[in-house]
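Its first residue numbered -16, the sequence shown is counted upward by one per residue in our numbering.
One structure is given here, and the rest of the page talks about it.
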Amino acid sequence: MTDGLDGHGAAWVAARPVITFPGHEEEATTAVAVTADGRALVVTGGFGETTVRIWDVGAGEPAGWWRPGSDDAWAITTGVLDGRPVVVTGGYGGVIEVRDPAGGRLIRAIEVKGHPGITDIDDLAEDLWYPGGIHVNALATAVLDGQPVVIFTVHTDDSGTGVCQDFPVAGIHDLATGRQTGEIATGHSGAVHLATTVLDGRPVLITASSADPAVRVWDLTTGGRLGAGLTGNTAGVTVVTTALLDDGPVVVTGGYDGTVRRWDLRTGLPLGKPLTGRSPRWVQDLAVVEAHGRPIVAALMDENTVHLWDLTTGEPAADPITASGVGALAATTAGGRPVAVTVMADTTVQVWDLAARLRA
């Protein structure tokens, strides 16, 4: 037993501090990591959960909470506004909120009722269950023409039939003003997932869908497609993220085929073979963190297992983390040590010291 990651008292058990962070009324299903004021923070929310919570991972204690303008915070991402990190959330009710993670102060609320690709939304909303009739499904941020923007996709739920209607158009809004600046018709079916990165100095958007195996790359400046897309998935894609490998952008996806796949974004070619773990089920969440100078990809599978691979070689970086009932996954560096953070169904947050687990 030792002190916490930065000496503030989280108890360690087998190189794993377990921090109980009560407060969520429902299971948190979304988690992102952000560094603010020198602190490693994890922000959690989820479907049906009416609060967004912030946890100081290094100190091992809660750091704040708020009730979002939407009914919940299904989608959460991070960005930078005026040189400071911000947390961006969206959910049922069609409101995207931009907040200061250090205290939860609301900076900007963006209404998405006029989301591109939806027609006659006022008439449609009368038959929908949730206020505004719109559910923000996915969020990403980027810098476009020198200004920070938020990119989002939505779907609607018909309360009479329970049928979800997805809209394949991604809206682009200025993060500071809330004004719409563009849109991209992704061509996907089903719920569209988003990630962003920079390719040869250009901001790019990566889109994927739970209903099809296609992964597409878009030039955010022009709105046009870049290349033929990233091929290889054999089923719908459930999560997509980006990372840097040898200063080059890499796309990482997980899907219903139970694999994690990597692509060199410059060439569009796969990096090695698909990564598969002992859990053959779908990939629920992904996170990438640097440990001992190596980028490590963590993949949550079947709510019970987090597999860890070396992003460069594709080899297992450590034995899998086994924890029953994981709702969401994040990764960050706390107290100078790389950690994986699993958000549990019982509202606890478990912080796993990756430095202590990695193989030589």
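No residue lacks a Cβ here, since even glycine has one placed at the ideal position from N, Cα and C.
{"Check": "Would you check if there are 3 or more beta carbon pairs closer than 8 Å linking the segment 314 to 332 to the segment 275 to 291?", "Outcome": "yes"}
{"Check": "Tell me, please, whether the segment 159 to 166 touches the segment 180 to 190 by the rule of three or more beta-carbon pairs shorter than 8 Å.", "Outcome": "no"}
{"Check": "If you draw a straight line from the C-alpha of A377 to the C-alpha of V95, how long is it?", "Outcome": "Shown here, the chain extends from -16 to 343; a query on residue 377 therefore has no answer."}
{"Check": "Can you tell me where the beta strand (DSSP E) with A313 in it begins and where it stops?", "Outcome": "309 to 317"}
{"Check": "Compute the minimum distance between the beta carbon of T204 and the heavy atoms of the ligand HEM, and state whether it is under 6 Å.", "Outcome": "With respect to small molecules bound, the structure shown includes none, and the ligand HEM cannot be examined in it."}
{"Check": "Going by beta carbon distance, what residues of the same chain come within less than 7 Å of T12, once the five residues before and after it are set aside?", "Outcome": "G29, F30, G310, A311"}
{"Check": "So the beta strand (DSSP E) R67 belongs to, where does it begin and stop?", "Outcome": "67 to 73"}
{"Check": "Taking only the alpha-carbon atoms, compute the straight-line gap between T190 and A56 and give it to the nearest angstrom.", "Outcome": "21 Å"}
{"Check": "Is L291 helix, strand or coil when you go by DSSP?", "Outcome": "strand"}
{"Check": "Count the other C-beta atoms from every protein chain shown that fall within 10 angstroms of the C-beta of A168, then say buried if there are 16 or more, exposed otherwise.", "Outcome": "exposed"}
{"Check": "Among V243, V35, L337, which one has its Cα closest to the Cα of D302?", "Outcome": "L337"}
{"Check": "Apart from the five residues just before and just after E109, which ones in its own chain have a Cβ nearer than 7 Å to its Cβ?", "Outcome": "Legend: pLDDT at E109 = 43, less than 50; position of this residue unreliable, value from coordinates given subsequently. Nothing listed; no residue qualifies."}
{"Check": "How many angstroms separate the CA atom of R249 from the CA atom of V198?", "Outcome": "14 Å"}
{"Check": "Take P131 and list the residues in its own chain whose beta-carbon comes closer than 7 Å to its own, dropping the five residues that flank it on each side.", "Outcome": "G62, V63, L64, T124, L158, A159"}
{"Check": "Verify whether the separation of the beta carbon atoms of T225 and A178 is less than 7 Å.", "Outcome": "yes"}
{"Check": "Determine whether the beta carbon atoms of S193 and T221 lie at a separation below 7 Å.", "Outcome": "yes"}
{"Check": "Can V334 and V40 be called in contact, C-beta distance under 7 Å?", "Outcome": "yes"}
{"Check": "Does the Cβ-Cβ distance between P257 and W246 come in under 7 Å?", "Outcome": "no"}
{"Check": "Tell me the DSSP secondary structure of L337 in three-state form.", "Outcome": "helix"}
{"Check": "Can you give the beta carbon distance from G297 to G255, rounded, assuming they're within the 8 Å contact cut?", "Outcome": "4 Å"}
{"Check": "Taking just the CA atoms, how far does W38 sit from A46?", "Outcome": "5 Å"}
{"Check": "Suppose contacts are defined by Cβ-Cβ distances below 7 Å. Is A92 in contact with G52 by that definition?", "Outcome": "yes"}
{"Check": "Rounded to whole angstroms, what's the CA-CA distance from A211 to W48? Just pull it up for me.", "Outcome": "43 Å"}
{"Check": "What are the start and end residues of the beta strand (DSSP E) that includes W265?", "Outcome": "Premise fails: W265 is in no beta strand (DSSP E) and is neither H nor E."}
{"Check": "Residue range of the beta strand (DSSP E) that L228 falls in?", "Outcome": "220 to 228"}
{"Check": "Can you check DSSP and say which residues form a bridge with F30?", "Outcome": "DSSP lists no partner for F30."}
{"Check": "Starting from A323, follow its DSSP beta bridges and name the residues at the other end.", "Outcome": "A314, W335"}
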